[in-house]
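Residue 1 is where the sequence shown starts when you use my numbering, and the numbers rise one by one after that.
A short write-up of the structure that comes next.
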Amino acid sequence: MKVLVTISTWKKANTCHIPMLKNPGCGGITTGRSLSLYFKVYTVKSVILILAVLSITVPYKLSHAMEINKNNLYTTVKTLSEIIPARNYRNLESLNEAARYIKNKFEEYGYVVQEQKYMVEGREYKNIIVTAGPEDAPTMVIGAHYDVCGDQAGADDNASGVAGLLEFSRLIKAAEATLEYKIEMVAYTLEEPPFFKSEFMGSYIHAKSLYDSKRDVIGMIVLEMIGYFTDKQNSQTYPLSLMKLFYPSKGDFIALVGRFSDGSLLKHLRKNMQSTTVNVSTLKAPSFVAGVDFSDHLNYWKMGYNAVMITDTAFFRNPNYHQTSDTIETLDFDRMREVVKGLYLAILNQGKRQ
Numbered sequence: 001m002k003v004l005v006t007i008s009t010w011k012k013a014n015t016c017h018i019p020m021l022k023n024p025g026c027g028g029i030t031t032g033r034s035l036s037l038y039f040k041v042y043t044v045k046s047v048i049l050i051l052a053v054l055s056i057t058v059p060y061k062l063s064h065a066m067e068i069n070k071n072n073l074y075t076t077v078k079t080l081s082e083i084i085p086a087r088n089y090r091n092l093e094s095l096n097e098a099a100r101y102i103k104n105k106f107e108e109y110g111y112v113v114q115e116q117k118y119m120v121e122g123r124e125y126k127n128i129i130v131t132a133g134p135e136d137a138p139t140m141v142i143g144a145h146y147d148v149c150g151d152q153a154g155a156d157d158n159a160s161g162v163a164g165l166l167e168f169s170r171l172i173k174a175a176e177a178t179l180e181y182k183i184e185m186v187a188y189t190l191e192e193p194p195f196f197k198s199e200f201m202g203s204y205i206h207a208k209s210l211y212d213s214k215r216d217v218i219g220m221i222v223l224e225m226i227g228y229f230t231d232k233q234n235s236q237t238y239p240l241s242l243m244k245l246f247y248p249s250k251g252d253f254i255a256l257v258g259r260f261s262d263g264s265l266l267k268h269l270r271k272n273m274q275s276t277t278v279n280v281s282t283l284k285a286p287s288f289v290a291g292v293d294f295s296d297h298l299n300y301w302k303m304g305y306n307a308v309m310i311t312d313t314a315f316f317r318n319p320n321y322h323q324t325s326d327t328i329e330t331l332d333f334d335r336m337r338e339v340v341k342g343l344y345l346a347i348l349n350q351g352k353r354q
């Protein structure tokens, strides 16, 4: 993960029945009035119209009994972040150790695992791939990279994303019979420098393989650093100081990032994330805006697919970014659990997507 610009904010606590200030999800209401007052004034038809205009949506209900296991998230982050030497591109055996762990967990959950191997500078690297749902249905890709930058543990970047991917895979396997789409889950190698934005990225190899085989891909979601949250004032920074006047000062939200053309997928994700207790911020912006393309989803854009990123905003919040201090003790597993829950709901309810 490299950079992120957050444009719009949606908070679980900020629904339109309580006072708020300039919440874009409520049409920029700036008074302390509550919608309960409006209900007393307008007819039923007027209320319906108001709700439509203000884009208030009812989160999807859980379709299945489910439980996100926080201990599973913790165990994966601990295991990956304790691999020595660090799982960077130079330490091939460490990358392979991480890949073996991911493969073993997928198999434990009942999957048949595919290793997508390829050569870079005379060395073999690999993506780890599993699928759930109807084999001949359109495909939704969920991914996270398992390598790190330099000699650091990479608990947030990106053991947290891999932990989310594995726990999601456990849940979705149990619900496989109900899926309307094929879900392809991928753990990528070589996201980090020096191969970032090159054709040697694991996600480029995977995305191109989908394109070359003419697969019907309806979207892609990448988990890119999902574990660092803080409730401290002024803990969230932005590339433009003016943004502080309009957007959160606390790094207590998860961000959903994509282009304008990815709006439908972002909207669907946001609806389901709002069914959890984690706060949600969204960005829709052109791909040339700094930070919008700073993870594996960029390679799916290159192939013409819709793709979005789920992230905690990296160094705009996390002071441990690409540092040896990026350790498991800095992560918030309660909010990580809510992020995975939101993703699970979004995919489970994909057939209801408008």
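Note that beta-carbon positions come from the ideal geometry of N, C-alpha and C, so glycine has one too.
Since this is a predicted model, take the numbers as computed values, not measurements.
As an exercise, report each continuous beta strand (DSSP E) stretch of at least 3 residues that is fully enclosed by the region 234 to 286, in chain order.
253 to 258, 279 to 284
Considering only the beta carbon of each residue, do Ala153 and Asp326 sit closer than 9 angstroms?
Counted from its first residue, the sequence shown places residue 153 at position 153. Counted from its first residue, the sequence shown places residue 326 at position 326. Yes; because the gap between Cβ atoms is below 9 angstroms, this pair is in contact.
Determine the closest residue to Ser213 out of Pro138, Arg337, Thr230, with distance taken between C-alpha atoms.
As a position in the sequence shown, residue 213 is number 213, starting the count at 1. Taking only the C-alpha atoms, the option nearest Ser213 is Pro138.
For Ile142: DSSP bridge partner residues:
Mapped onto the sequence shown, residue 142 falls at position 142. BP columns for Ile142 point to Met185, Ile221.
Can you find the residues in the same chain that come closer than 6 angstroms, C-beta to C-beta, to Glu97, ignoring five residues on each side of it along the sequence?
The residue given as residue 97 occupies position 97 in the sequence shown. Cβ neighbours of Glu97 beyond the five flanking positions: Ile83.
Beta-bridge partners of Glu115, as assigned by DSSP
The residue given as residue 115 occupies position 115 in the sequence shown. Looking at the DSSP assignment, Glu115 forms a beta bridge with Ile128.
C-alpha distance - Gly263 paired with Asp293, whole-angstrom precision
Taking the sequence shown and counting its residues from 1, the one referred to as residue 263 is at position 263. Taking the sequence shown and counting its residues from 1, the one referred to as residue 293 is at position 293. Gly263 and Asp293: Cα-Cα distance of roughly 15 angstroms.
Ordered along the chain, which non-local residues of its own chain (more than five positions away) have a Cβ less than 8 angstroms from that of Leu331?
Counting from 1 along the sequence shown, the entry for residue 331 is found at position 331. Hits under 8 angstroms: Val77, Ala155, Asp156, Ser160, Gly227, Tyr228.
By the 10 Å Cβ neighbour count, where 16 or more other Cβ atoms means buried, how is Asn320 classified, buried or exposed?
For this step, residue 320 is matched to residue 320 along the sequence shown. Buried, since its Cβ has 16 or more Cβ neighbours within 10 Å.
Give the straight-line distance between the Cα atoms of Leu210 and Asn318, rounded to the nearest whole angstrom.
Looking up residue 210 in the sequence shown gives position 210. Looking up residue 318 in the sequence shown gives position 318. One C-alpha to the other measures close to 34 angstroms.
In the DSSP assignment, the alpha helix (DSSP H) including Thr79 goes from what residue to what residue?
Taking the sequence shown and counting its residues from 1, the one referred to as residue 79 is at position 79. Here the alpha helix (DSSP H) through Thr79 covers 70 to 81.
Can you say whether Ala255 is buried or exposed, counting buried as having 16 or more other CB atoms within 10 angstroms of its CB?
Along the sequence shown, read from residue 1 onward, the residue named residue 255 stands at position 255. Buried, since its Cβ has 16 or more Cβ neighbours within 10 Å.
Taking the DSSP output, what are the residues bridged to Thr311?
Translated into the one-based positions of the sequence shown, residue 311 becomes position 311. DSSP output for Thr311 lists Glu224, Ala255 as bridge partner(s).
Do you know how far the Cα of Gly143 is from the Cα of Leu95?
The sequence position of residue 95 within the sequence shown is 95, counting from 1. The sequence position of residue 143 within the sequence shown is 143, counting from 1. Roughly 17 angstroms between the two C-alpha positions.
Closer than 9 angstroms, CB to CB, is Lys78 near chain E or not?
The structure shown has no chain E; it contains just one protein chain.
Sufficient close CB pairs (3 or more, under 8 angstroms) joining the region 169 to 184 to the region 340 to 350:
yes
Within the continuous alpha helix (DSSP H) that includes Asp334, where are the two ends?
Along the sequence shown, one-based indexing puts residue 334 at 334. Taken as a continuous stretch (DSSP letters only), the alpha helix (DSSP H) holding Asp334 covers 333 to 348.
Can the beta-carbon of Leu165 be found less than 9 angstroms from the beta-carbon of Pro134?
Mapped onto the sequence shown, residue 165 falls at position 165. Mapped onto the sequence shown, residue 134 falls at position 134. No, the Cβ-Cβ distance between Leu165 and Pro134 is not below 9 angstroms.
Sequence-distant residues of the same chain with beta carbon closer than 8 angstroms to Pro85, five excluded per side:
As a position in the sequence shown, residue 85 is number 85, starting the count at 1. Here the set comprises Asn91, Ser94, Asp151.
Take Ala425 as the anchor and find which of Glu67, Thr131, Tyr89, Leu242 has the nearest alpha-carbon.
What the structure shows of the chain is the stretch from 1 to 354, and residue 425 is not part of that stretch, so it cannot be assessed.
Could you check the C-alpha separation between Tyr146 and Asn88 for me, to the nearest Å?
Working through the sequence shown from its first residue, we reach residue 146 at position 146. Working through the sequence shown from its first residue, we reach residue 88 at position 88. About 9 angstroms.
Mapping DSSP to helix, strand and coil, what is Arg90?
As a first step, residue 90 is located in the sequence shown; it is residue number 90 there, counting from the start. If DSSP states are grouped into helix, strand and coil, Arg90 belongs with coil.
Short Cβ contact (9 angstroms threshold) for Val308 with Leu242
Within the sequence shown, the letter at position 308 stands for residue 308. Within the sequence shown, the letter at position 242 stands for residue 242. Result no, Cβ atoms of Val308 and Leu242 do not sit closer than 9 angstroms.
Can you say whether Asp334 is buried or exposed, counting buried as having 16 or more other CB atoms within 10 angstroms of its CB?
Position 334 of the sequence shown, counted from the start, is the residue given in the question as residue 334. Looking at its Cβ environment, which holds fewer than 16 other Cβ atoms inside 10 Å, Asp334 is exposed.
In this structure, what does DSSP give as the bridge partners for Arg170?
Counted from its first residue, the sequence shown places residue 170 at position 170. Answer is none; Arg170 lacks a bridge partner.
Please list the terminal residues of the continuous alpha helix (DSSP H) segment that includes Lys302.
Within the sequence shown, the letter at position 302 stands for residue 302. Run containing Lys302: 298 to 302, per the alpha helix (DSSP H) assignment.
What number of angstroms, rounded off, separates the C-alpha of Tyr111 from the C-alpha of Leu245?
Position 111 of the sequence shown holds residue 111. Position 245 of the sequence shown holds residue 245. One C-alpha to the other measures close to 48 angstroms.
Under the three-state reduction of DSSP, which class applies to Val356: helix, strand or coil?
Not covered by the structure: residue 356. The range shown for the chain is 1 to 354.
Excluding the five sequence neighbours on either side, which residues of its own chain have a C-beta within less than 6 angstroms of the C-beta of Glu338, listed in chain order?
What you label residue 338 is simply residue 338 of the sequence shown in a count that begins at 1. Contacts found: Thr276, Thr277, Val278.
Who are the Cβ neighbours of Gly342 in its own chain at under 6 angstroms, not counting the five residues just before and after it?
Along the sequence shown, read from residue 1 onward, the residue named residue 342 stands at position 342. Excluding positions up to five away in sequence, the list reads Asn272, Met273, Thr276.
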